[in-house]
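Novice: Following this message is one structure expressed as structure tokens.
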Ligand SMILES: Cc1cc2nc3c(=O)[nH]c(=O)nc-3n(C[C@H](O)[C@H](O)[C@H](O)COP(=O)(O)OP(=O)(O)OC[C@H]3O[C@@H](n4cnc5c(N)ncnc54)[C@H](O)[C@@H]3O)c2cc1C
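Written out as structure tokens, the structure is:
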């Protein structure tokens, strides 16, 4: 599959489904079936087994033709985390059932990983899955901070299936049907005022064994695929110069000379440099990946992104002076998606605090860089070889 | 924009690194500094004549500024005492290439204060007079490229005196140059040539700063893996791991910025001045921080004369001021990115 073949395929799709005439969903389904959803996926699963770098060719052609996109769900939990995990560990049947509606956005996914007692120490989780008489699993426990649980049709879930072995070994990975009567979702309001994430209570939830991903007891290994993809999905977007938050701040600076002070000018320039350096760092990582030399920079992307987002949003509030003292809206809302740029500075400032917590805290990412990239020795661990049920909680 | 290293660049790096490893290990640099010896002429001959690095700026000879940047990375990592920056980078850029300098047989430098500043030398009837302080790589220079008031460039080969200064950076000593009615040859009257040479110098210096930062990070990581206190390797303490992870991220950023600047200069990209301003303001600060962390995390030994860490700190700090401070480059950026004060 080369560039020319791809372009031909795109033009065939556009001819059969003229974007201005057909329904968005019909178009997206047809695009998936034509293998133009994610070209590096296998045939029949929305792809053509082509090199990942060719996706840009497809996207550019379709954008130019005014075709509808599956954006804004592009970076959601489904696309960013569930899909690569299903692709790697799912059976053919599971892949066919889940990937198409996931990609078209018909079905939203959420991630039932964190628990009140297991955040950074995710492998300590206590939610139990026990086989029942009919060969299914019964799941009981509580999950927390679950983004989009209120709109999700499916969830990726990890649960403990063997408490007698050390904590990393007794975990199994499932796909949970969020319409099961045992699933109860309660909004959890956050510092921005909205309830973007939730508490999820699981009471005798039934999961058929055919909705298990990977072998029993192998859940931690499967979860690594999800978590690695999560780090790349957050902060790994390609942006033009002055794309993202720095662009918003720079525009305000240009349009509002009355807000400028010498001190703010110094800081703005510093942030501008940091933003450009981070952009170049991401660009270099992508070039490395495309050239088949994956570098360890990936873990740093999210760390750098979180720090910059927090500095820039804090700066923006200060720059706005009196306006910075206001807030757009404290109404409790349950958004379908986080609209980081669609709201005002105060919201961005508060929401950015989550960037260094969600998807692995900055502290945990530093541990990963120090140990796996720099090769520094791990800290002494007291919980490694102890059966999970004997750990103090 | 290509931010990676080509195969040819990696080969060049390997041969420069091997040579520096054999002929100029850091212990030898330290010994030269302690004995108050200046540049190592034998080392320069090996680099410039045997490896041909002095002529890399000339595309006609198959070179490229991207390759010059790779050599600077290695020279930063090794602190090898050579006049590469003054001769093969600054003077060569100002002359738009020069056979005498490219062969490495002779060296030159650009006669301006290393910390920046406008030309002060005056020219009348082809003779130059003036005093320029704190010039890098002047002590060994056979040929001076002298910017004069107004921005024209002249070459001077005799009729000047050079007096060494006691410099913060012991591996790149500075000197004062006095021109007393010295006969010169005109190179160009176009002040843009000088400006472009300084832009090139500042953009490529970022690669030297990257090399310094890399050495400091790697050396510190190695030391903390071995050094034990409290019955465990110090590198297993999270307080230290997190500092090194942050430093690593800065070095990764410095590499992307330095490569972007070198690539933009090499390809004469329209946004080269902007990418140079970004690299110059970022990499200088990263190199200083890396050297400071290196000394701190080595503890008492890091404070000693016998450990080479101080040489890196001195070079990093001097480099941060050289060819414009980070603040100066950010002020440039304010114009280039339309972010007025
Ligand atoms: C906006 C948002 C959305 C989220 N969405 C989801 C979701 O959809 N699904 C889901 O499963 N989870 C989600 N999370 C949860 C998130 O993954 C966890 O909050 C995160 O992993 C941290 O766990 P914790 O909150 O229990 O903090 P803790 O682990 O209790 O950590 C508290 C503090 O201690 C630090 N710390 C912990 N361990 C160490 C260590 N070993 N060394 C040094 N410092 C340490 C942490 O960095 C943190 O600063 C979301 C979180 C946020 C903020």
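Protein chains in written order, with the UniProt record's numbering: chain A, 1 to 393; chain B, 1 to 341. Yeah, the Cβ is synthetic: ideal placement off N, Cα and C, and Gly gets one too.
Let's see if you can read the secondary structure: which residues bound the beta strand (DSSP E) around residue 167 (chain A)?
Specialist: No beta strand (DSSP E) holds residue 167 (chain A); DSSP gives it neither H nor E.
Novice: Look at the Cβ atom of residue 198 (chain B), then the Cβ atom of residue 274 (chain B), and state whether they are nearer than 7 Å.
Specialist: No, these two residues do not count as a Cβ contact at 7 Å.
Novice: At a cut-off of 6 Å, is residue 330 (chain A) close to ligand 1 when judged by its beta-carbon and the heavy atoms of the ligand?
Specialist: No, the beta carbon of residue 330 (chain A) sits no closer than 6 Å to any heavy atom of ligand 1.
Novice: With DSSP collapsed to three states, give me the class of residue 273 (chain B).
Specialist: Here residue 273 (chain B) sits in helix by DSSP.
Novice: So that I know if they touch, is there some Cβ in chain A lying closer than 7 Å to that of residue 4 (chain B)?
Specialist: True, the Cβ-Cβ gap to chain A drops below 7 Å.
Novice: If I'm right that residue 225 (chain B) touches residue 233 (chain B) with Cβ under 8 Å, what's the distance once you round it to whole angstroms?
Specialist: Right, the Cβ-Cβ distance comes to about 6 Å (below 8 Å), so this counts as a contact.
Novice: Using a 10 Å radius around the Cβ and a threshold of 16 neighbouring Cβ atoms, would you call residue 340 (chain B) buried or exposed?
Specialist: Residue 340 (chain B) should be labelled exposed.
Novice: Exposed or buried, residue 147 (chain B), counting other C-beta atoms within 10 Å across all chains shown (16 or more means buried)?
Specialist: So residue 147 (chain B) ends up on the buried side.
Novice: Run through DSSP, which three-state label would residue 154 (chain A) get?
Specialist: Looking at residue 154 (chain A) - three-state DSSP - the assignment turns out to be strand.
Novice: Is any non-hydrogen atom of ligand 1 found closer than 6 Å to the C-beta of residue 369 (chain A), if you look at the structure I gave you?
Specialist: No.
Novice: Identify every residue that forms a DSSP beta bridge with residue 47 (chain A).
Specialist: Beta-bridge pairing links residue 47 (chain A) to A:43.
Novice: Are the CB atoms of residue 280 (chain B) and residue 202 (chain B) nearer to each other than 7 Å?
Specialist: Yes, the pair counts as a contact, with Cβ atoms nearer than the cut-off.
Novice: Can you look up residue 41 (chain B) in the DSSP assignment and give me helix, strand or coil?
Specialist: In this structure, residue 41 (chain B) counts as helix in the three-state DSSP scheme.
Novice: So, does the stretch 167-185 of chain B touch the stretch 46-59 of chain B, judging by three or more C-beta pairs under 8 Å?
Specialist: No contact exists between the stretch 167-185 of chain B and the stretch 46-59 of chain B.
Novice: Just curious, the alpha helix (DSSP H) that residue 18 (chain B) is in, first and last residue?
Specialist: 7-23 is the extent of the alpha helix (DSSP H) around residue 18 (chain B).
Novice: Could one say the Cβ of residue 241 (chain B) lies closer than 7 Å to chain A's Cβ atoms, at least one of them?
Specialist: Chain A contact via Cβ: present.
Novice: Nearer than 6 Å: is that true of the beta carbon of residue 145 (chain A) relative to any heavy atom of ligand 1?
Specialist: Yes, Cβ of residue 145 (chain A) sits closer than 6 Å to a heavy atom of ligand 1.
Novice: Less than 8 Å between the CB atoms is what I'm expecting for residue 361 (chain A) and residue 225 (chain A), so what's the real figure, rounded?
Specialist: Contact flag wrong, Cβ pair sits at about 20 Å.
Novice: Three or more beta-carbon pairs under 8 Å between the stretch 300-319 of chain B and the stretch 64-82 of chain B, yes or no?
Specialist: The answer is yes - the stretch 64-82 of chain B touches the stretch 300-319 of chain B, with three or more Cβ pairs under 8 Å.
Novice: List the endpoints of the continuous beta strand (DSSP E) containing residue 318 (chain A).
Specialist: Not the beta strand (DSSP E): residue 318 (chain A) falls in the alpha helix (DSSP H), residues 298-319.
Novice: Can you have a look at residue 271 (chain A) and say buried or exposed, based on whether 16 or more other CB atoms are within 10 angstroms of its CB?
Specialist: Residue 271 (chain A) is buried by the Cβ-count criterion.
Novice: Is residue 54 (chain B) near residue 104 (chain B), with beta carbons less than 7 Å apart?
Specialist: Cβ atoms of residue 54 (chain B) and residue 104 (chain B): closer than 7 Å.
Novice: Roughly how many angstroms separate the alpha carbons of residue 118 (chain A) and residue 172 (chain A), rounded to a whole number?
Specialist: Computed Cα separation, rounded: 15 Å.
Novice: Beta carbon of residue 44 (chain A): closer than 6 Å to some heavy atom of ligand 1?
Specialist: No, the beta carbon of residue 44 (chain A) sits no closer than 6 Å to any heavy atom of ligand 1.
Novice: Residues of chain B with a CB under 9 Å from the CB of residue 284 (chain A): which are they?
Specialist: Within chain B, the residues near residue 284 (chain A) are 3, 4, 252, 255, 256, 259 and 260.
Novice: Applying the 10 Å Cβ sphere with the 16-neighbour rule, what's the burial state of residue 198 (chain A)?
Specialist: Residue 198 (chain A) is buried by the Cβ-count criterion.
Novice: According to the Cβ coordinates, are residue 284 (chain A) and residue 90 (chain B) closer than 7 Å?
Specialist: No, Cβ-Cβ distance for residue 284 (chain A) and residue 90 (chain B) is not below 7 Å.
Novice: Who pairs with residue 147 (chain A) in a beta bridge, going by DSSP?
Specialist: According to DSSP, residue 147 (chain A) bridges with A:197.
Novice: Any heavy atom of ligand 3 inside 6 Å of the beta-carbon of residue 390 (chain A)?
Specialist: Among the ligands present in this structure, namely ligand 1, ligand 3 is not found.
Novice: What three-state label does DSSP hand residue 338 (chain A) in the structure shown?
Specialist: Correct three-state label for residue 338 (chain A): coil.
Novice: Between which two residues does the beta strand (DSSP E) holding residue 182 (chain B) run?
Specialist: Segment 174-188, the beta strand (DSSP E) holding residue 182 (chain B).
Novice: Would you grab the beta carbon distance between residue 36 (chain A) and residue 58 (chain A) for me? Rounded to a whole angstrom, and I think it's under 8 Å.
Specialist: Confirmed, about 5 Å.
Novice: To the nearest angstrom, how far is it from the Cα of residue 382 (chain A) to the Cα of residue 389 (chain A)?
Specialist: Near 14 Å, if we compare the C-alpha coordinates of residue 389 (chain A) and residue 382 (chain A).
Novice: So which residues of chain A does residue 203 (chain B) contact, with C-beta pairs closer than 9 Å?
Specialist: Simply none; closest approach about 14 Å.
Novice: Would a check of beta-carbon distances place residue 369 (chain A) closer than 7 Å to chain B?
Specialist: Closer than 7 Å to some Cβ of chain B, the Cβ of residue 369 (chain A) qualifies, so yes.
Novice: Below 8 Å, can you find three or more Cβ-Cβ pairs linking the stretch 85-101 of chain A to the stretch 129-140 of chain A?
Specialist: Flag = no, the stretch 85-101 of chain A and the stretch 129-140 of chain A do not touch.
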